[in-house]
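In what follows, a structure is listed as structure tokens, so that the remarks can point back to it.
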Amino acid sequence: MFPHTFYTIKDKITQLVNFGKLTFPSKSHPQGRPLKIEPVDALALALYQHSSTRATKKSVYEDFKDLLACSYKTLVCALNRAGIMAAKVLFLVMGEGKKDSHIVKMTDATDLPVCLKKNADKHRTMQGLAAWGHSSKGWFYGLKMTMTRDLAGHLLGLRFSSANANDRDIFRSVNRDINGIIIADAGYVSKKLERDMDIEGSRWVVIQPKKTMRKLALPWQLRLYKLRFVIEFDFRSLKLFHGLVTSMPRSVNGYLANYLNAVCSFVIAK
Numbered sequence: 149m150f151p152h153t154f155y156t157i158k159d160k161i162t163q164l165v166n167f168g169k170l171t172f173p174s175k176s177h178p179q180g181r182p183l184k185i186e187p188v189d190a191l192a193l194a195l196y197q198h199s200s201t202r203a204t205k206k207s208v209y210e211d212f213k214d215l216l217a218c219s220y221k222t223l224v225c226a227l228n229r230a231g232i233m234a235a236k237v238l239f240l241v242m243g244e245g246k247k248d249s250h251i252v253k254m255t256d257a258t259d260l261p262v263c264l265k266k267n268a269d270k271h272r273t274m275q276g277l278a279a280w281g282h283s284s285k286g287w288f289y290g291l292k293m294t295m296t297r298d299l300a301g302h303l304l305g306l307r308f309s310s311a312n313a314n315d316r317d318i319f320r321s322v323n324r325d326i327n328g329i330i331i332a333d334a335g336y337v338s339k340k341l342e343r344d345m346d347i348e349g350s351r352w353v354v355i356q357p358k359k360t361m362r363k364l365a366l367p368w369q370l371r372l373y374k375l376r377f378v379i380e381f382d383f384r385s386l387k388l389f390h391g392l393v394t395s396m397p398r399s400v401n402g403y404l405a406n407y408l409n410a411v412c413s414f415v416i417a418k
């Protein structure tokens, strides 16, 4: 019998799939054989890995190999394919979250190293997508994830990009259909960005000034800036408890599936 956690996750996925009328392919190729692992089961297994103490796909295989009756390679392909399904679930969740979101939102980005800095020159798998970037922790080689969530905890926007991509352009893209008060840190400081994004009566962007800027903040603005800690906690949870950052995959699909499955696990596990 599968562990209780697996069935709990599968029930939540099934409810979302039925609610959103989501469809998943039953074959890896139109003329191919039926998938050995059903799509919903594959996604449930992926989220089981990311919401449990199982750090690798191998450990998931050891848990389920007698019940799955398939090879380890088949499981890996299924978990990587589950990234597409996780993306569909996330789009559904974000769409529903926007319908009833809290007026206060926050946007921030976090680093996603694909390997250690000393191995960057030899890294090939994500070459072309990954790049050198700089965060509060220093330089890293990889991608970055930009996320918008509201004060109630709803995920509203998500974007993965190269580490050297322009943060302000990503901010515009992620928040183009989000209204309310959107709080951002000093990394997004730009008069033009605030002017472009502000919509009278619908959207107001509040960007924390840099320490070197001679800009006075009112008490209520300072209180808004302090609310940003919640999205930092989300990033911490995603990395520590849902396996967001990894250097294990051996394919681009493996890396992207890991990120999507980790975020989906974080959303489903709430």
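Per the working numbering, residue 149 is the first one in the sequence shown, and the count goes up by one each step.
Backbone N, C-alpha and C define an ideal beta-carbon position, used for all residues, glycine too.
Because the structure is a prediction, the values reported are computed rather than measured.
Considering only 387, 170 and 190, the residue with the shortest C-alpha distance to residue 240 is 170. Residue range 400–416 is occupied by the alpha helix (DSSP H) that includes residue 405. A distance below 7 angstroms separates the beta carbons of residue 191 and residue 233. Below 8 angstroms, too few C-beta pairs join the region 260–272 and the region 196–203 to call them touching: fewer than three. A straight-line Cα-Cα distance of about 10 angstroms links residue 183 and residue 225.
With contacts defined by Cβ atoms closer than 7 angstroms, residue 311 and residue 285 do not form a contacting pair. Secondary structure of residue 297 (DSSP, three-state): strand. Under the three-state reduction of DSSP, residue 232 is assigned to helix. Residue burial annotation: residue 325 is exposed, with fewer than 16 other C-beta atoms found within 10 angstroms of its C-beta.
For residue 187, the enclosing alpha helix (DSSP H) begins and ends at 187–199. Rounded to the nearest angstrom, the Cβ distance from residue 409 to residue 230 is 6 angstroms, consistent with a contact under 8 angstroms. In this structure residue 243 is exposed. Its beta-carbon is surrounded by fewer than 16 other beta-carbon atoms within 10 angstroms. By the criterion of a C-beta distance shorter than 7 angstroms, residue 288 is surrounded in its chain by 259, 261, 265, 281 and 311, once the five residues flanking it on both sides are discounted. For residue 345, the enclosing alpha helix (DSSP H) stretches over residues 339–345. Around the C-beta of residue 396, fewer than 16 other C-beta atoms lie within 10 Å, and the residue is accordingly described as exposed. Ranked by how close their Cα comes to the Cα of residue 188, the residues 215, 154 and 214 have 154 in first place.
Inclusion of residue 160 and residue 416 in the CB contact set at 7 angstroms is warranted, their separation being smaller than that value. In the displayed model, residue 391 falls within coil according to three-state DSSP, outside both helix and strand.
For residue 330, the closest of 167, 185, 374 and 207 by C-alpha to C-alpha distance is 374. Residue 186 and residue 290 have their alpha carbons spaced roughly 32 angstroms apart. One alpha carbon belongs to residue 309, the other to residue 277, and they sit about 8 angstroms apart. Sequence-distant partners of residue 315 (beyond 5 residues in either direction) whose C-beta falls short of 8 angstroms from its own C-beta, in its chain, are 257, 294, 335 and 336. In the DSSP assignment, residue 333 falls outside any alpha helix (DSSP H), carrying neither H nor E.
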